[in-house]
Amino acid sequence: MFKLERLRLRQNIELGIKNLMLHKLRSSLTMLGIVFGVASVIAMLSIGEGASKEALEQIRKLGSRNIIITSIKPVEDRQAAATTSFMSVYGLYYEDEQRIREAFPQVVATAPIKLIRKEGRLFERALELRVVGTTPEWFELVKRRIVAGRPLLPRDIDKSSPVVVLTEYGARRLLATEETIGQLLRIGRDYFEVVGIVQSEEGGSSGIQMPDQEVDAYIPINVAKQRFGDIFTLVTSGSREMERVELHQLIVETATNEDVEPTAAGISAMLQRFHKKVDYRVDIPLALLRQAEATKRTFNIVLGSIAGISLLVGGIGIMNIMLANVTERTREIGIRRAIGAKRKQIVIQFLVETVVLSTIGGFIGILLGVAIPLAVTYLAKMPTVVTLWSLLLSVGISMSVGVIFGLYPAIRASNLDPIEALRHE
Amino acid sequence: MTEAHSNGVVVLEDVRKTYLMGSEQVHALAGISLKIEPGVFCAIMGPSGSGKSTLLNLLGCLDRPTSGKYFLAGNDVSKLNDDELSELRLKYLGFVFQSFNLIPQLTVRENIALPLFYLGWDAAKSAARAVELAEMVGLGNRINHKPSELSGGQQQRVAIARALANDPKIILADEPTGNLDSATGEQVMELLKSLNESGKTIIMVTHEPDIAAYAGRRIHMRDGHVEYIENV
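Same order as they appear, the protein sequences are chains U and P. Per the working numbering, the very first residue in the first sequence carries number 1; after that it's consecutive. Per the working numbering, the very first residue in the second sequence carries number 426; after that it's consecutive.
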């Protein structure tokens with residue numbers, strides 16, 4: 001009895017393949033729905049994964065233990081500036097850095113950033129520079145590789161040395177090479193000795209101000225203050241605008257990830273006391289990271305749903321063909337039933353056929369689904385990540401589509417009355 | 426099992442089959458009692474509408490009587506469910522149809538082996554058995570052909586080989602020569618006759634007296650009743 005009840009899976013699979021091979025064109029066309037469904041699941045997930053990975057990478061570069069405080073021009077100043085010649089005074093103070101260091105023991109490093117636009121001249125080459133006044137700690141916080149020479153050192157601050165560190169990109173623009181180290185770069189009316197070149201920041205589209213996308217020149221912050229002062233004149237569409245800003249940005253590193261959020265809240269509260277206006281913004285890369293991860297999840301759900309719909313359409317296509325198949329093979333079903341096949345065995349025969357069809361379609365879809373991201377990466381230079389789980393998911397889904405959409409035609413086949421089925425022309 | 430049907434492979438007791446055609450009841454079988462002993466070659470004859478096809482479907486366990494009892498090899502068919510009917514067909518019956526009813530996408534060998542697939546035989550054993558049966562019906566050199574590549578007579582011989590695969594107690598034949606010319610028809614009948622001589626019970630529906638002449642017992646039907654039975 002047990003022998004009779006066995007599913008005879010291997011023979012059923014062979015039989016299914018044989019039946020599918022009888023109508024090669026029809027089977028392949030039916031399979032296309034699943035092929036494209038699975039391919040789109042994999043391709044969409046990998047493109048989504050790639051895009052979010054890039055965003056997450058950028059945020060991670062900002063440092064998960066960092067807090068970034070940026071000076072922003074208050075709204076009321078912007079309005080005032082539009083009407084009259086006016087000097088707006090805003091932003092972080094030099095003392096803010098000191099206060100933060102003293103008030104929060106969990107802060108392990110801080111790096112102030114002061115930005116000044118000046119013309120720079122190296123030999124015959126003149127370019128608009130973005131002069132970044134900062135401290136040696138900045139180089140440790142951003143973990144930038146030194147390409148040549150050295151970064152800024154504490155002694156540069158102590159001695160107020162007129163030295164400058166360029167980025168790879170800036171050096172290229174200024175036609176500076178390794179041999180340039182030791183030469184003098186003229187910034188405004190002052191001369192600075194080029195002491196090193198650091199790696200440039202790559203990309204940079206995460207929306208956070210990063211002082212490293214232009215021709216940057218890093219100089220000791222105290223030198224920047226002495227030589228260039230805190231007042232900047234902006235000439236915009238005929239009107240002169242004056243600004244007094246001490247620090248443009250302050251990067252604060254805490255000891256652990258857990259310290260980040262309470263420290264950021266503490267800093268906000270402290271700044272509120274010392275600043276009359278809200279002329280700063282506190283960003284937490286860790287929070288952005290979490291937000292980006294949440295966005296990624298939403299993105300995956302949306303993409304997954306779209307791909308799911310195409311799989312659904314593929315499944316309906318399979319069901320349609322299998323129903324036609326059952327009608328076409330009514331007599332065969334009658335013969336099998338007359339010989340002694342049970343209903344269950346007819347169900348299994350047709351179900352196996354659909355699952356074989358959808359699984360083969362699924363595997364072809366995987367090949368296509370892996371090829372599409374590769375092509376996208378190659379042609380559009382977009383990062384893509386094909387994850388193992390998306391492949392497993394696709395195989396699972398395509399088999400389930402076979403079972404779900406094959407079940408109805410198979411049950412219909414098994415419910416045919418053998419006498420009627422044998423009479424069917 | 427009672428005394429009455431202990432010696433019959435097929436026993437019918439007042440079997441009725443009623444269909445509802447619109448609001449009218451049609452009695453396809455209006456009370457048939459019958460006993461067929463093992464080894465009998467029996468022909469069921471009658472004009473169309475006499476109920477002979479209905480009777481054959483009942484005998485073949487493809488249908489159940491509306492009332493009355495049918496014992497096949499001692500099993501009370503009227504009490505069985507669909508799965509049990511399938512099992513009964515698989516164990517005791519072999520079918521030969523007028524239109525051969527081979528599965529077109531399968532080869533001769535695979536068609537013959539079909540009942541063995543449902544009996545759960547392994548592939549090698551059932552292939553060997555199928556070849557053996559193909560040789561027996563004279564088609565040993567055609568085992569890898571598709572039915573469409575064979576003549577009608579050859580196809581019917583394949584169908585007979587398939588009906589024999591499960592070593593059934595009864596072979597049910599529904600107008601087995603209906604689609605054949607008289608010469609091939611005769612060959613097929615000779616084959617059935619030799620099977621009967623080797624001990625198989627054969628029940629055949631036909632309306633041709635020449636064909637019925639091969640049978641040792643002829644049941645004549647009219648209007649759902651057994652009109653008379655001829656024993657030769």
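Glycine is no exception: its CB is placed at the ideal position from the N, C-alpha and C atoms. Just so we're clear, the structure is a prediction, and the values are computed from it rather than from any experiment.
**Asked** DSSP on U:M382, reduced to helix/strand/coil?
**Response** DSSP, read as helix, strand or coil, puts U:M382 in coil.
**Request:** Express the C-alpha separation of P:Q523 and U:A421 in angstroms, rounding to a whole number.
**Result:** Each residue's Cα considered, the two are about 15 angstroms apart.
**Through-space distance from U:I197 to U:V163, alpha-carbon basis** = CA-to-CA, the gap between U:V163 and U:I197 works out to about 12 angstroms.
**Asked** Is the shortest distance between the beta-carbon of P:N482 and the beta-carbons of chain U less than 8 angstroms?
**Response** It does: the Cβ of P:N482 has a partner Cβ on chain U nearer than 8 angstroms.
**Request:** Indicate whether at least one CB of chain U lies closer than 8 angstroms to the CB of P:F466.
**Result:** By this cut-off, P:F466 is not an interface position.
**Asked** Can you pull the DSSP bridge partners for U:M242?
**Response** When beta bridges are read from the DSSP output, U:M242 appears opposite U:M87 and U:T233.
**Message:** Quick check: U:A109 and U:E253, are their CB atoms within less than 8 angstroms of each other?
**Reply:** A contact, by the Cβ cut-off of 8 angstroms.
**Request:** Can you tell me which of the three DSSP states P:E600 falls into?
**Result:** Three-state DSSP puts P:E600 in coil, outside helix and strand.
**Under 8 angstroms (Cβ pairs) to chain P, residues found in the segment 328–348 of chain U** = Against chain P - using a Cβ distance shorter than 8 angstroms - the residues of the segment 328–348 of chain U are R331, E332, G334, I335, R336, R337, A338, I339, G340, A341, K342, R343, K344 and Q345.
**Asked** In this structure, does DSSP put P:N526 in helix, strand or coil?
**Response** Coil.
**Request:** Would you kindly check if the distance between the Cβ of U:G340 and the Cβ of P:E509 is under 8 angstroms?
**Result:** Not a contact, by the Cβ cut-off of 8 angstroms.
**Asked** Mapping DSSP to helix, strand and coil, what is P:V613?
**Response** Three-state result, P:V613: helix.
**Asked** DSSP on U:D190, reduced to helix/strand/coil?
**Response** Here U:D190 sits in strand by DSSP.
**Asked** The alpha helix (DSSP H) spanning U:T327 covers which residue range?
**Response** Membership of U:T327 in the alpha helix (DSSP H) is indicated by the continuous run P285 to E328.
**Item:** Presumed contact (8 angstroms Cβ cut-off) between U:Q183 and U:V194, rounded CB distance
**Value:** By a beta-carbon distance limit of 8 angstroms, U:Q183 contacts U:V194. Their separation comes to about 5 angstroms.
**Message:** Output needed for U:L56: all residues of its chain with C-beta closer than 6 angstroms, excluding positions within five of it in sequence on either side, in chain order.
**Reply:** Within the same chain, and ignoring the five residues on either side of U:L56 in sequence, the residues whose Cβ sits closer than 6 angstroms to its Cβ are A292.
**Message:** Quick check: the segment 40–55 of chain U against the segment 360–374 of chain U, are at least 3 beta-carbon pairs closer than 8 angstroms?
**Reply:** In short, these stretches touch, since the Cβ pair count reaches three.
**Request:** Compare the C-alpha of U:I316 against each of U:V107, U:I404 and U:V147 and name the closest.
**Result:** It is U:I404.
**Asked** Which class does P:R582 belong to by DSSP, given the choice of helix, strand or coil?
**Response** In the three-state scheme derived from DSSP, where H, G and I count as helix and E and B as strand, P:R582 is classed as helix.
**Item:** Where P:E633 falls: helix, strand or coil (DSSP)
**Value:** P:E633: coil per DSSP, three-state reduction.
**Message:** I want to verify the contact list: residues of chain U whose CB lies under 7 angstroms from the CB of P:Y543, in sequence order.
**Reply:** Correct list: I339, G340, A341 and Q345.
**Item:** Cβ-Cβ distance between U:R186 and U:R144 below 8 angstroms
**Value:** Not in contact: U:R186 and U:R144 (Cβ atoms no closer than 8 angstroms).
**Request:** Can you grab the Cα-Cα spacing for the pair P:F496 / P:K618, in whole Å?
**Result:** Roughly 25 angstroms between the two C-alpha positions.
**Message:** Counting only beta-carbon separations shorter than 8 angstroms, does U:K24 have a partner in chain A?
**Reply:** Within the model displayed, chain A is absent; protein chains U and P are what it includes.
**Asked** Assuming P:M470 contacts P:T602 under a Cβ cut-off of 8 angstroms, what Cβ separation, rounded to an integer in Å, is found between them?
**Response** Contact flag wrong, Cβ pair sits at about 14 angstroms.
**Request:** With 8 angstroms as the threshold, decide whether the Cβ of P:L505 is near any Cβ in chain U.
**Result:** So no, P:L505 is outside the interface.
**Asked** Would you say P:V440 and P:E462 are within 8 angstroms of each other, going by their C-beta atoms?
**Response** No, the pair does not count as a contact, with Cβ atoms beyond the cut-off.
**Request:** Grab me the residues of P:A453's own chain with a C-beta within less than 8 angstroms of its C-beta, minus the 5 sequence neighbours each way, in chain order.
**Result:** Non-local beta-carbon contacts of P:A453 in its own chain, meaning distances under 8 angstroms to residues more than five positions away in sequence, involve K442, T443, Y444, G476, T479 and G649 in chain order.
**Item:** Nearest-angstrom beta carbon gap, U:L303 and U:V401 [assumed within contact, 8 angstroms]
**Value:** About 18 angstroms separates the CB atoms of U:V401 and U:L303; that is not less than 8 angstroms, and the two are not in contact.
**Request:** Could you tell me whether any Cβ in chain P is nearer than 8 angstroms to the Cβ of U:N493?
**Result:** Summary: the structure shown does not reach residue 493 of chain U, with chain U confined to residues 1 through 425, and so no result is reported for it.
**Prompt:** For P:N482, which residues from the same chain have a beta carbon less than 7 angstroms from its beta carbon, with the 5 sequence-adjacent residues on both sides left out?
**Reply:** Once the five neighbours on either side are set aside, the close Cβ partners of P:N482 are D488.
**Asked** Quick one: is U:N325 near chain P, going by C-beta distance under 8 angstroms?
**Response** The Cβ of U:N325 sits no closer than 8 angstroms to any Cβ of chain P.
**Asked** What does P:Q530 touch in chain U if you count any residue whose Cβ is under 7 angstroms from its own?
**Response** The contacting residues are K18, N19 and L22.
**Message:** Quick check on this structure: which residue in U:H23, U:E246, U:L129 and U:T256 has the alpha carbon closest to the alpha carbon of U:G170?
**Reply:** Residue U:L129 is the option with its Cα nearest to U:G170.
**Under the three-state DSSP convention, the category U:P151 falls into** = DSSP places U:P151 in coil when its eight states are reduced to three.
**Asked** Using a C-beta to C-beta distance shorter than 7 angstroms, which residues of chain P count as neighbours of U:P418?
**Response** Chain P residues near U:P418: L487.
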